[in-house]
Amino acid sequence: MQLTLLGTGSADGWPNPWCECASCEWARAHEPRGQTAVLVDGRLLIDFGPDVPRAAARFGVSLAGLRHVLVGHAHPDHLGPEALMWRSWSTVAAEPLDVVAPPAALDVCRAFLRRWEGREPGGGESPLRLLPATAGEPIALGGPGDGEPGYLVRPVAARHGDAGIGPAVLYDLTAPDGARLLYGCDTAAPLPAPTLAALAGRAFDVVLLEENNGDRPGFGEHLDLPSFARLLTELRALGAVTASTTVLAVHLSHRNPPGDELARRLRDLGAQAPPDGTVLDVTPGGRTEPGAAPRAPGPTPPAPAPPPAPPPRRTLVTGGTRSGKSAQAEHRLLAEPDVVYVATGYPADGSDPDWSARVEAHRDRRPAGWSTVETLDLEPLLRTPGPPVLIDSISLWVAARLDEPDFEQSVHRLVEAWRGARRRVVAVTDEAGSGPVAPTPVGRRFVDRLGEVNARLAAESDEVWLSVAGLPLRLRPQS
Ligand SMILES: [Zn+2]
Ligand SMILES: [Zn+2]
Ligand SMILES: [Zn+2]
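So the sequence shown is numbered by this note's numbering: it starts at 148 and just counts up by one.
What follows is the structure, encoded as structure tokens:
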């Protein structure tokens, strides 16, 4: 199966043509994305928004070989029926074309063609075959009788759509060579239970999953970065996404951080967001590789990012008070199904309302599936294999241990356990000395010791990040 990403952007594209926010300015300068659509083997197209014809031209792709078009729902960024009229003016006007879509989307096609062509699409001599897509009812397209190998299409229900457009569907597609693709666009989470049941054990080779909302949730029925991560975790638990599945984030909008930052965030989740025009060769059960140039002459397509590397074992996130360091640390583990959150601070027992409020805010932000352990005994946790550990924070650990007579020994044991960590660990710490010099001897001693501990842990870390004003700055590795 060969995929050509004709578009990976949201309805308004990224940049939104009217918008001058920082995210749009970055996209405009570096990586503009049009409405999401993917061409499969040059024969089958999923989603057909008004950007598609121009994207095909831009990437040197002819749509003449198209025999099947799948449309997820009737929102206009997924369905531009005028292109069907333009086809009737072309060299392939008489060739058959299947349009598979929920009934409301087929109605949009019918209404347009009736008005502009004065004829009923799908009837009489029309080359168009309009096929309703209903969740749970598989459709075989092409095949031996039609002189070409066939595709098996399994529509599943999305969490998207309303009374106006009817139910939206996602597509589980099996290509003639056996490669399996999930097209998960558009949807919010959680997916309907019958959809999750239908996707269980599918072990897709490629999953295109929408991630419209980035860090600004609440727009339409879409996924944002945290719900994208949670859904991915669920699909992994179901065996729909496996270690060899290539996960592509699509339907990307300016609600996301600038693209280089988004790429890093997605890498932490085992996903990527290759640019529009990317060609991917998919081997069933194997790896997905950058594909050959498009079939027609045209500009060289951009190469996709290499498959995500395994996550780093030891990550240290340092930063000043309220710099966003805890959130940065949590982002790294959002796609992990089980995380042990280790609180080293003193418990929120109500005696200090401000402290209780901080602890509460942190707790609310963490996914429900994470377990919490309150302990200062970090060594056994680090030395035992298990799910990833998030330690928040090293500075509170230092504060609690500072007055113990064997403090130096404790630090030594902690650094040794960190070096030999048997599981993935992300630790948060405070950047020592960012504030004024402490006015008391104990305050100065705390800052001195914390600075030493941070430096020793950083020296033994695979990745070190500094959080400043909510933004991560990578200190190690440097490139
Ligand atoms: Zn959309
Ligand atoms: Zn914008
Ligand atoms: Zn939509």
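For every residue, glycine included, the Cβ atom is placed at its ideal position computed from N, Cα and C.
A distance below 7 Å between beta-carbons, with the five flanking residues on each side excluded, links Pro323 to the following residues of its chain, in chain order: Pro296, Gly297, Tyr298.
Selection Leu385, Ala547, Val575, Pro164 evaluated against Thr468 yields Val575 as nearest (Cα-Cα). The straight-line gap separating the alpha-carbon atoms of His559 and Val600 is approximately 9 Å.
When rounded, the separation of the alpha-carbon atoms in Val247 and Ser170 is 35 Å. Leu191 sits buried, since 16 or more C-beta atoms from the chains shown fall within 10 Å of its C-beta.
Residues close to ligand 1 by the beta carbon criterion (under 6 Å to any non-hydrogen atom) are, from first to last along the chain, Ala158, His222, Asp224, His225, Asp333, His398.
As summarised for the segment 453-517, the continuous alpha helix (DSSP H) elements at least 4 residues long and confined to that stretch are 472-478, 500-512, given in chain order. Taking a C-beta distance under 9 Å as the contact criterion, Arg570 and Pro532 qualify as a contact pair. For Thr321, the beta-bridge partners assigned by DSSP are Leu299, Arg327.
Between Ala282 and Thr342, the CB-CB gap stays under 9 Å.
The distance from the Cβ of Leu329 to that of Leu317 is about 7 Å, consistent with a contact at the 8 Å cut-off. Inter-segment contact for the segment 471-484 and the segment 579-593 is absent: fewer than three beta-carbon pairs are separated by less than 8 Å. In terms of Cβ geometry, Leu395 and Leu338 do not form a close pair [threshold 9 Å]. Per DSSP, the unbroken alpha helix (DSSP H) holding Val600 starts and ends at 588-606. In this structure Ala410 is not in contact with Leu378, their Cβ atoms being roughly 19 Å apart against a cut-off of 8 Å. Remark: C-beta atoms of Pro223 and Pro250 do not approach each other more closely than 9 Å. The count of Cβ pairs closer than 8 Å, one atom from the segment 199-210 and one from the segment 173-190, reaches three, so the stretches are in contact.
Of all alpha-carbon atoms in Asp254, Arg596, Leu213, the one lying nearest the alpha-carbon of Gly580 is that of Arg596. Here Ala304 has Ala282, Pro314, Val316, Pro339, Pro341, Thr342 as same chain residues with Cβ atoms under 7 Å from its own Cβ, once five neighbours each way along the sequence are excluded.
Cβ-Cβ distances below 8 Å link Arg276 to Pro243, Leu244, Asp245, Val246, Gly269 in the same chain, with the five nearest sequence neighbours on each side left out; the list follows chain order. Here Ser237 is exposed, its C-beta having fewer than 16 other C-beta atoms within 10 Å. Going by DSSP, Trp612 is part of the beta strand (DSSP E) stretching over 610-615.
Taking the Cβ atoms as the reference, Ala252 lies roughly 14 Å from Ala230, outside the contact range of under 8 Å. Taking Leu604 as the centre and dropping the five residues before and after it, the same chain places the C-beta of Leu463, Trp565 closer than 6 Å to its C-beta, in chain order.
With 16 or more other Cβ atoms inside 10 Å of its own Cβ, Pro228 counts as buried. Membership of Gln149 in any alpha helix (DSSP H) is not indicated; the residue belongs instead to the beta strand (DSSP E) covering 149-154. For Val354, the uninterrupted beta strand (DSSP E) run begins and ends at 353-357, by DSSP. Annotated three-state conformation of Ala396 is strand, per DSSP. A contact is defined here as three or more CB-CB pairs under 8 Å, and the segment 384-403 meets this definition with respect to the segment 150-166. Looking only at Ala204, Val486, Val187, the smallest Cα-Cα distance to Val216 is reached by Val187.
About 5 Å separates the beta carbon of Ser400 from that of Trp161, a gap short enough to meet the 8 Å contact definition. Bridge pairing for Val426: Thr151 [DSSP].
If you draw a 10 Å sphere on the C-beta of Ser498, you find fewer than 16 other C-beta atoms in it, and that means exposed. With a cutoff of 9 Å on beta-carbon distance, Val429 and Asp352 are scored as near each other. Within the model, the alpha-carbon separation for Leu226 versus Ala158 is close to 11 Å.
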